[in-house]
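Line order of the protein sequences matches chains C and R.
If you count by my numbering, then the first sequence holds residues 1 to 230, one letter each, in order.
If you count by my numbering, then the second sequence holds residues 1001 to 1816, one letter each, in order.
From the three backbone atoms N, C-alpha and C, an ideal C-beta is built for every residue, glycine too.
To start, the structure itself, in structure tokens.
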Amino acid sequence: MNARTLASPYAKRLARERGVTLSLVTGTGPNGRIVADDLLRIVAVAAPEPAPAAVAAPMAAPAPAPAFAPARSISAFAATIDLAPLAAFITASGTGLSIDAFVIKAAARSAGAHATSIRWMRPEGGAVTLARAVALAPTEIDRLIGSDANVSVSADKVMVVSRLAAKGVRPVAGSLPSGVDLRILVVASDDATAAEALVIHDAEAISEVDAGSILTGFRDLIEAPLRLLV
Amino acid sequence: MSAQVMNPAIRAPEIHNPVFRSAPGKIVPAGLTAAALLELYERMVLLRRFESVAQTACRKGETPGFLHLYIGEEATAVGVCAHLRPTDWITSTHRGHGHALAKGMEPNILMAELFGKRDGCCGGRGGTMHLYDRKTGLFGTNGIVAAGISHAVGAGISARTQGKDGVGVAFFGDGATNHGGFHESLNFAGIQKAPAVLVCENNLYATATPLASATLNPEIATRAAAYGIPGIAVDGNDVIAVWQVMADAIARARSGEGPTLIEAKTYRTVGHHEGDHVTGTYRTQAEVDLWLKRDPINLFRARILDDFGTASADELGAIDAKIDKIVAESLEFARNSPEPDATTSSLYVYAEPINPADALVQAAPTATVTQSWLDAVRDGIAEEMRRDKHILYFGEGTGERGGTFAHTKNLWTEFGPNRMVDTPISEQGFTGAAIGASATGSRTIADLMFADFVFEAAGQIVLQAAKLRYMSNGQMNAPMVVRVGSGAVRSAGPHHSGTYHPSWANIPGLIVCMPSTPADAKGLMKTALRAGDPVLMLEPKALFATKGEVPTAEHFVPFGLARIAREGADITIVAAGQLVHRALEAAEKLAAEDISAEVIDLRTIMPLDVGTVAKSVAKTHRLLVVDEGWGAFGVGAEVAQAMNELAFDDLDAPVGRLHTDPQPHPLAPALERAMLVDADKIVAGAKGVLDGKPPVPKHWRYLGGQSAPAPVAVAPAAPKAVTPPAPAPVAAAPVAVGDGEPITMPFGDLTISEGTIVGWLKKEGDAVKAGEIVAEIETDKAVVEIEAPIDGTLGPIEQPKGTVVPMGGRIGSVRR
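Laid out in structure tokens, this is it:
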């Protein structure tokens, strides 16, 4: 009689994702239970633990096309983001803000030390640069991006953020202006229930692992907007 | 002297309770007109005919649930409500159709509600014993005896707070008059001079229990004397008499003279409820027949026709026919109304959205200031009370005295006794009044002092406040805050140490907060004071003396948003309240062993932010829940099951949980320490989870052994001396320590941990006597006088004026 193979749910998931046959793995947990460590030990480290874009993007995003400057190693990751929680949040707050203020705040928060200021590309042209957007309330961000006072802030690490209000299209590549290492491009119409987000980065400056976590962090914040208030 | 000689001063009182009746004769009583008499008549006929039709429908099985009829008692509701405006509020009983109609509810929506239909006054959510109508001022019939009395008192106080002359009127039966809800409410109404009228319908039986067998004083009106308010007995079947006594009572209430107790002596000539025999085993047919001869409608009809001659039999007959038509229409209306949509069954449990809009708009970031917990929350309450003039604060000693924990210091000075209401020790009464006030336009904080005491008001919180929005189909809500100090703190003992938050979080309709920092406590309190639902604000007493950074500008913390108190990668530890701090200490110890723990502070138990926990588990794959509540059916179980549902594939080990041991809190420090969760237990529990073997609780008490012994913390060495919770902020500079008898800052209040030396009253070298005051120390609550321990010479003084001294700390000595 075959003994049941004991494995933690997470270990089972890892085995499933990596095509490992659990019965061939020796478990080191209680009662011989296979735990995540047992799988991580035998599988080549090549696959970094959940590659963010792969997990995140339900669509098969084509390999990022190299953008303009061939001298730079540009890479990109895409993810689909549920906008329903944000829409409910904005309605509940009674502020009538557009999602842009939250996109900027979430971008600033998820970029962390990789961006000291945000350059918001206005859809109608032109740009507003926001220093320390991470510390600003969404109402304040909304006011600043709507104002004409185009304050030019010189900062060493600028992140470009923009939104394309289009329906039925997905971003697959984006330009990275010179001197900029990081960009988030969001494609979502004003009434969209989901957005497509693309993180474009210079892999020389920001590793792919970091860019992946910036994207998952961005998605998590947009999908749990209360978190933006903390 | 013989023991058999009785003290003549001690004997049963003689009770006199004259019953007021309208004067016989042909003169129309003052204040009434021929038209007014007809209105009273029409209204009584409406009550009677409506219920007769409802009775038939019930017997045919058309009305789901119980049906308690008011037949025989109509004169009371009609005589009382004739004096009321739609803006006055009445509260009622399980026998409340008559009150609803007398107050002006449309018969159609009442009948439809009895049928449980969509067009009923509460959309079929409430039904006969839970009728609400904001339009006409019906605060509700009520399935709980005596529960509505305090609501009416609160509604009256609420009207006064808003500068209106509205009145709260409570109807209740004789059965309610032996219930705490009656005593507490009448006493509170009296001392508050509440604009209220308290109407007891004494129909002689509490269901089947004769009043005379339930009390030695069955003359209910005389009980008013116990509360220093007027009480009057009236013939409840004489609508003119009821109208007359109510005229006086309502005038008193509206003019600010306070409440009146009216005892209306009446009788129901039907069974307790439909299906119950008319006489039952508790009364005779002869008695019923006697009362049938005194039928209030027949009596009044005779007076109109025979005494006053203000209307003819034909005119009354026309009224009867008109009412018959109205009632027949209401029956058709109810029958034709659709069933409520089953998909709406769960609507109106909480406000949608659950957070007030203000809490979802982030203020521009501002500076912070270091504040103690109690000051931060107190400031938050003061800010809200300044903004909203209709916020009241009910509590025991929270007025001029400033609160047991000094937690309402200065509020009385700023807001005065009408808003900072000092209450008697009547948790049920003033919490019910808080519900009544909060549902009628005045938000109220009910400060119950200790979390343990909430049970004294549990019926009001669970059965009334939590269900109000639902029962009333979203018409009414009770945005009140129950504020208590909660949790264990230094041997507070079995009745002052509990948290009980899982019990409250189990109740749909309640919000339960348990913050861990001064900023969160203030932010949640401010959110609570703008929210739409009843909030239990459990503030850990052990944290009252802690300090933290608090934003100086408007600061709100939304419900249902956990805080990541420390980031980590190997294991997630979830905690709330004071255990957040124990978890952070444990995380520090684990870090020393190269284990990275993420600590999540839940902040609110309901709503419960399982999303943040799941996200963390997706990163760490292991979870330990630590909670100050008892484990059985508790927070650990809830969060663990949520992870089964939301994050199963992320779990690399069974979820662990650590709770306060399932036993009362003992006094002895050694016993108490053993039952509480501390950092060492959390470290051991976390390692257990990391090894795939979480701690196993013992609270099931099932027969048979445990499958695996729970990992236990390494036994701490020698039992520690009693230590104050906060680090002792003694002056850093070492000082000469005398060899005499030490002078120390005395241990006192459990929630105070330190004080500042105001000054020394004696100099070094002065001769002092034992008990003589040598120094003064100011704590958050009071100035403490420090006495010399023995006769002798003072010195050396070890801590100078201005030093902050921990409780029990040494400040000097006296040499013999």
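Taking C-beta pairs closer than 7 angstroms, name the residues in chain R that residue i reaches, listed in chain order.
i, result
"C:Val172", "Per Cβ cutoff of 7 angstroms: no residues; C:Val172 is ~27 angstroms from chain R at best."
"C:Thr139", "Val1361"
Just how far apart, CA to CA, sit residue i and residue j?
i, j, result
"R:Pro1697", "R:Ile1573", "17 angstroms"
"R:Glu1315", "R:Lys1322", "11 angstroms"
"R:Glu1113", "C:Asp190", "43 angstroms"
"R:Val1199", "R:Glu1263", "6 angstroms"
"C:Ala197", "C:Gly126", "21 angstroms"
"R:Thr1827", "R:Leu1084", "Since the first and last residues shown for chain R are 1001 and 1816, residue 1827 of chain R lies out of range."
"C:Leu6", "R:Ala1640", "20 angstroms"
"R:Val1209", "R:Ala1233", "In the sequence as displayed, the identity of residue 1209 of chain R is Thr instead of Val. Distance between the alpha carbons of R:Thr1209 and R:Ala1233 is about 21 angstroms."
"C:Pro66", "C:Ala205", "Confidence at C:Pro66 is low in this model, with a pLDDT of 45, below 50, so its placement is unreliable and no value can be given for it."
"R:Thr1266", "R:Glu1074", "9 angstroms"
"R:Asp1691", "R:Glu1672", "29 angstroms"
"R:Val1730", "R:Met1807", "With a pLDDT of 45 at R:Val1730, under the threshold of 50, the predicted position of this residue should be treated as unreliable, though the coordinate-derived value follows. Those two C-alpha atoms are separated by around 10 angstroms."
"R:Leu1561", "R:Asp1341", "32 angstroms"
So which residues of chain C does residue i contact, with C-beta pairs closer than 8 angstroms?
i, result
"R:Asn1477", "The contacting residues do not exist; R:Asn1477 stays about 17 angstroms from chain C at best."
Relative to the C-alpha of residue i, which residue among the options is closest?
i, options, result
"R:Gly1766", "R:Arg1335, R:Asp1780, R:Ile1790 and R:Val1783", "Sequence inspection shows Asp at residue 1766 of chain R; the Gly mentioned does not correspond to that position. Nearest of R:Arg1335, R:Asp1780, R:Ile1790 and R:Val1783 to R:Asp1766, Cα basis: R:Ile1790."
"C:Ser178", "C:Asp202, C:Val186 and C:Arg163", "C:Asp202"
"R:Pro1230", "R:Asn1477, R:Asn1237, R:Asp1248 and R:Val1239", "R:Asp1248"
"R:Lys1389", "R:Gly1163, R:Pro1607 and R:Glu1598", "R:Gly1163"
"R:Ala1359", "R:Cys1081, R:Ala1528 and R:Gly1631", "R:Ala1528"
"R:Gly1738", "R:Val1783, R:Ile1752 and R:Gly1795", "R:Gly1795"
"R:Gly1432", "R:Asp1447, R:Asn1418, R:Met1420 and R:Arg1419", "R:Asp1447"
"R:Gln1460", "R:Lys1681, R:Ala1146, R:Leu1046 and R:Ala1170", "R:Ala1146"
"R:Asp1533", "R:Val1454, R:Ser1438 and R:Tyr1500", "R:Ser1438"
"R:Met1420", "R:Gly1399, R:Thr1440, R:Gly1436 and R:Leu1667", "R:Gly1399"
"C:Val186", "C:Gly27, C:Ala15, C:Leu39 and C:Trp120", "C:Trp120"
Who are the neighbours of residue i on chain R, taking C-beta pairs under 8 angstroms?
i, result
"C:Arg13", "Asp1649 and Asp1650"
"C:Leu229", "Leu1360, Gln1362, Pro1558 and Leu1561"
Contact criterion: CB-CB distance below 8 angstroms. Does residue i meet it with respect to chain R?
i, result
"C:Ala84", "no"
"C:Val103", "no"
"C:Leu144", "no"
"C:Ser110", "no"
"C:Met1", "Only weak support exists for where C:Met1 lies, its pLDDT of 42 falling under 50; the coordinates are left without a value."
"C:Leu24", "no"
"C:Ala57", "Below a pLDDT of 50, predicted positions are generally treated as unreliable, and C:Ala57, at 40, falls in that range; the measurement from the model is reported next regardless. With 8 angstroms as the cut-off, C:Ala57 does not count as an interface residue toward chain R."
"C:Leu226", "yes"
"C:Ile214", "no"
"C:Asp220", "yes"
"C:Arg18", "no"
"C:Ala107", "no"
"C:Ala87", "no"
Any C-beta of chain C sitting closer than 8 angstroms to the C-beta of residue i?
i, result
"R:Gly1755", "no"
"R:Leu1561", "yes"
"R:Gly1098", "no"
"R:Ala1715", "The predicted model places R:Ala1715 with a pLDDT of 48, which falls under 50 and marks its position as unreliable, so this point remains unresolved."
"R:Gly1611", "yes"
"R:Ala1364", "yes"
"R:Pro1558", "yes"
"R:Glu1551", "Note that residue 1551 of chain R corresponds to Pro in the displayed sequence, not to Glu. It does not; no Cβ of chain C falls within 8 angstroms."
"R:Pro1695", "no"
"R:Pro1607", "no"
"R:Pro1353", "yes"
"R:Ser1707", "Residue placement at R:Ser1707 is flagged as unreliable, the pLDDT there being 49, under the threshold of 50; the coordinate-derived value follows with that caveat. Chain C, which has no Cβ nearer than 8 angstroms to the Cβ of R:Ser1707, makes this no."
Since residue i meets chain C, which of its residues come closer than 9 angstroms, beta carbon to beta carbon?
i, result
"R:Ala1357", "Ala92, Ser93, Gly94 and Thr95"
Along chain C, which residues have their Cβ under 7 angstroms away from the Cβ of residue i?
i, result
"R:Gly1692", "Gly29, Pro30, Arg33 and Val35"
Cβ closer than 9 angstroms: which chain R residues qualify as neighbours of residue i?
i, result
"C:Ser8", "His1621, Leu1651, Asp1652, Ala1653, Pro1654 and Gly1692"
"C:Ala79", "Result: empty, since nearest Cβ-Cβ is about 15 angstroms, beyond 9 angstroms."
Exercise. Using Cβ-Cβ distances below 8 angstroms, what residues of the stretch 1614-1637 of chain R are close to chain C?
Worked result: Lys1615 and His1621
For this session: With 7 angstroms as the C-beta to C-beta threshold (strictly closer), list the residues of the stretch 89-102 of chain C near chain R in chain order.
Result: Phe89, Ala92, Ser93, Gly94 and Thr95
Exercise. At a Cβ cut of 9 angstroms, what residues of the stretch 1504-1538 of chain R count as close to chain C, listed as they run along the chain?
Worked result: none
Exercise. For the stretch 1002-1035 of chain R, which residues have a beta carbon sitting closer than 9 angstroms to at least one beta carbon of chain C?
Worked result: none
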